[in-house]
Each structure stands twice: as C-alpha cells, then as structure tokens.
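**Q**
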Amino acid sequence: MDFRDSFSLETGSVSVFGCVFFALATAGVILPVLPTTPFLLLTSYFLVRSYPRLNEKLLKLTLFGSILVDWQVNGGVRRDVKTKAVSIVIIAIGFSIYITAFSRRLSLIIAAVASLGIVVIVNLPEPRD
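Numbers 875 to 1003, taken from the numbering used here, label the letters of the sequence shown in order.
(1) Between ILE967, ILE904 and SER918, which has its C-alpha nearest VAL947's C-alpha?
(2) When the Cα of GLY968 is compared with those of THR900, ALA986 and VAL955, which residue comes out closest?
(3) Helix, strand or coil for PHE969 per DSSP?
(4) Just to confirm before moving on: does the CB-CB distance between LEU998 and VAL951 stay below 8 Å?
(5) With H, G and I counted as helix, E and B as strand and the rest as coil, what does DSSP make of LEU908?
(6) Are the region 901 to 916 and the region 924 to 942 in contact at 8 Å, needing three or more beta carbon pairs?
(7) Assess contact between the region 951 to 967 and the region 921 to 938, defined as three or more Cβ pairs (one per stretch) separated by less than 8 Å. Is contact present?
(8) Put LEU935 into one of helix, strand or coil per three-state DSSP.
(9) Compute the Euclidean distance between the alpha carbons of PHE881 and LEU905, then round it to the nearest angstrom.
(10) Between the C-alpha atoms of VAL888 and ARG979, what's the straight-line distance to the nearest angstrom?
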C-alpha cells in the first residue's frame, strides 16, 4: 500500500464520519434526545479535513450555517442559540413523556439522556468578542 492509497482511505474515512455526524445532527433537529449542535460541530470538523467545499455549503445552510460560522469565526455558540436548544429539549421531552404511556423507569431514562444533552449544550463555549 503506497501513500496515495492510505491518503484516499483516510479521506474516505473522514468523510464517512462527516456524513454520520451530519445524519445525527439532522436527527437531533427532530429528536430532542440528540443534541444537534455537538454533532454539527463534528460534521464541520470532518468535512474541513475531507471536503472543504462541502463544508462551505454546510456553512451556508439556513438551519445550521449561523451556528457553525459562530463556532469557526468566534469560537463558540451564542447564548440565545443555547437557550433555544435547551428550551426545545425540555419542552419536547416533557411533552413526549406527558402524552405517551411510557413506564416511569423509561421516562426517567429518557429524561436522564436528555439532561446529558442539555449539559453538553450549556457547557459549549460562548463566542469571543
């Protein structure tokens, strides 16, 4: 195996990770148990290393672009974005537990997983001024 083969294998692996994390970020928009922002940041991290042009397109997306630009340019996630994300998770999880017939144990597990997502969101750094 020469250098070119290992380079293409590395690029391919990195792009696969980028796709997987983008899928998780997209699922996180719908499923409040998955935190969208960390998966988005990982998506951009891997795309910059494998397909920078695809990362540029990601930065221009209406739904995700501003979060990524804040992260890459200013080094953080704005407080209002964190507040919205945490609010959506709390409302969605609370509503889901309220309307479903989950057992008490399963409801606690779902709440615990969502709480971990909230901790991740809250602990992301805020942009530098």
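Cβ atoms here follow ideal geometry from the backbone N, Cα and C, with glycine treated the same way. Treat the numbers as computed from the prediction; the structure is a model and nothing was measured.
**A** Put simply:
(1) SER918
(2) ALA986
(3) helix
(4) yes
(5) coil
(6) yes
(7) no
(8) coil
(9) Reliability of the predicted coordinates at PHE881 is poor, the pLDDT of 47 falling under 50, and the value obtained from them is presented with this limitation in mind. Cα to Cα, the separation comes out at about 35 Å.
(10) 38 Å
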